[in-house]
């Protein structure tokens with residue numbers, strides 16, 4: 001029942017945004033009584049934060065599995081970047097973005113979202129370093145990994161209002177060429 | 001009066017977000033009667049799109065002036081990137097982000113926001129190419145300029161919920177070193 005509520009919440013965040021997501025709509029879509037819902041999640045904020053956390057963790061696990069399937073060799077960096085680019089352009093990113101933007105002007109939501117964002121950010125950074133085989137003890141490498149993640153976040157934002165897939169791949173392939181040269185130094 | 005309405009709208013978007021911005025609050029803050037406001041801007045969407053357009057144009061002009069003041073020589077690329085990073089981390093970016101995210105789930109708003117975003121995107125791209133002295137006829141250069149703008153957009157998003165200034169400058173300085181090498185090829 002908890003999982004059904006969380007899935008319904010993410011669906012509604014993606015379809016209707018934060019403002020258009022109400023606890024009533026969530027209980028209707030999940031087919032869960034209001035009483036049961038309130039027992040699990042007393043407020044809308046509890047529900048949306050738990051939903052994005054749940055989906056982020058599931059997608060994080062999927063990302064970790066996807067890394068295992070990536071090719072080695074000269075195409076690896078490009079494959080890692082495309083994987084990250086697709087990850088940050090998924091509907092789950094749109095749901096997280098809704099939460100993030102709502103938190104900007106809602107202190108209670110911000111207090112719940114900030115630790116989640118920090119944790120997810122650290123995990124994604126670690127996964128990216130490992131997938132790229134980057135050595136962060138080399139000067140500048142940590143910053144380029146961070147730049148890569150900020151880049152895919154920016155590309156994810158562009159994707160929310162337009163289909164940006166072709167442009168995104170061209171940019172990430174060019175970035176991969178640069179990254180290969182820099183990481184090999 | 002028109003300018004007062006637009007300034008008040010942007011202030012409210014920054015302070016309260018898209019959902020928290022109402023035409024009533026705007027007319028109160030601007031000190032403009034409801035009738036006069038409705039004459040200029042019949043709907044909330046008219047008002048918010050005009051407000052973000054107005055501010056984006058003003059900030060675009062400020063950016064173009066700031067480019068004129070930048071140093072030449074070896075520090076130029078870093079100065080250009082810091083200028084762009086600060087631009088995309090300003091309150092005006094937060095107001096534009098509110099509009100962008102609301103447009104994701106509002107087709108009428110999206111129809112108004114998309115052409116604005118495309119125009120602003122083209123102008124910012126042109127300004128960045130000129131400021132960096134980049135030659136886009138060289139292979140890969142256009143993609144690296146686009147990547148730079150997607151990077152500062154991602155950094156702008158990070159800035160909305162945390163003070164990210166120090167991290168942003170480190171990342172942009174590292175990127176400036178790479179960009180200098182790539183553009184000199």
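Residue numbers (the UniProt record's numbering), protein chains in the order written: chain A, 1 to 185; chain B, 1 to 185.
Quick reminder that beta carbons are idealized off the backbone N, C-alpha and C, glycines included.
At least 7 Å separates the CB of residue 37 of chain A from every CB of chain B. In this structure, the straight-line span from the alpha carbon of residue 152 of chain B to that of residue 8 of chain B is close to 26 Å.
Close CB contacts of residue 66 of chain B within its chain, under the 6 Å cut and outside five residues either way in sequence, are with 83 (chain order).
Relative to the Cα of residue 114 of chain A, the nearest Cα in the group B:160, B:62, B:58, B:64 belongs to B:160.
Within the same chain, 6, 9, 10 come within 6 Å of residue 51 of chain B by CB-CB distance, once the 5 residues on both sides are set aside.
Listed along chain B, the residues sitting closer than 9 Å to residue 16 of chain A by beta-carbon distance are 105.
With a contact defined as Cβ atoms closer than 8 Å, residue 127 of chain A and residue 63 of chain A qualify at about 6 Å.
Residue environment: residue 14 of chain A is assigned as buried (16 or more neighbouring CB atoms within 10 Å of its CB, all protein chains considered). The beta carbons of residue 89 of chain A and residue 156 of chain A sit closer together than 7 Å. Interface annotation, residue 99 of chain B: not in contact with chain A, CB-CB separation never under 7 Å. In the structure shown, the three-state DSSP call for residue 93 of chain B is helix.
Here the alpha carbons of residue 106 of chain A and residue 169 of chain A stand approximately 35 Å from one another.
Counting of Cβ neighbours within 10 angstroms places residue 27 of chain A among the buried residues, the total reaching 16 or more.
If you check each beta-carbon in the stretch 153–172 of chain A against every beta-carbon of chain B, the ones closer than 9 Å belong to 153, 154, 155, 156, 157, 158, 160, 161, 162, 167, 168, 170, 171, 172.
Counted as a single uninterrupted DSSP element, the stretch harbouring residue 33 of chain A is not any alpha helix (DSSP H), since DSSP gives it neither H nor E. Comparing alpha carbon positions, the residue from B:22, B:31, B:34 closest to residue 44 of chain B is B:22. Its chain contains 4, 5, 8 as the residues whose beta carbon lies nearer than 7 Å to that of residue 30 of chain B, once the 5 sequence neighbours on both sides are disregarded; these appear in chain order. Close partners of residue 110 of chain A in chain B (Cβ separation under 7 Å): 161. With its beta carbon at least 7 Å from every one in chain B, residue 180 of chain A lies outside the interface. Note that the C-beta distance between residue 182 of chain A and residue 144 of chain A is below 7 Å. Boundaries of the alpha helix (DSSP H) around residue 60 of chain B: 44–69.
Residues of the stretch 66–79 of chain B with a C-beta less than 9 Å from any C-beta of chain A: none at all.
Closest by C-alpha distance to residue 103 of chain B, out of A:1, A:17, A:2, A:149, is A:17.
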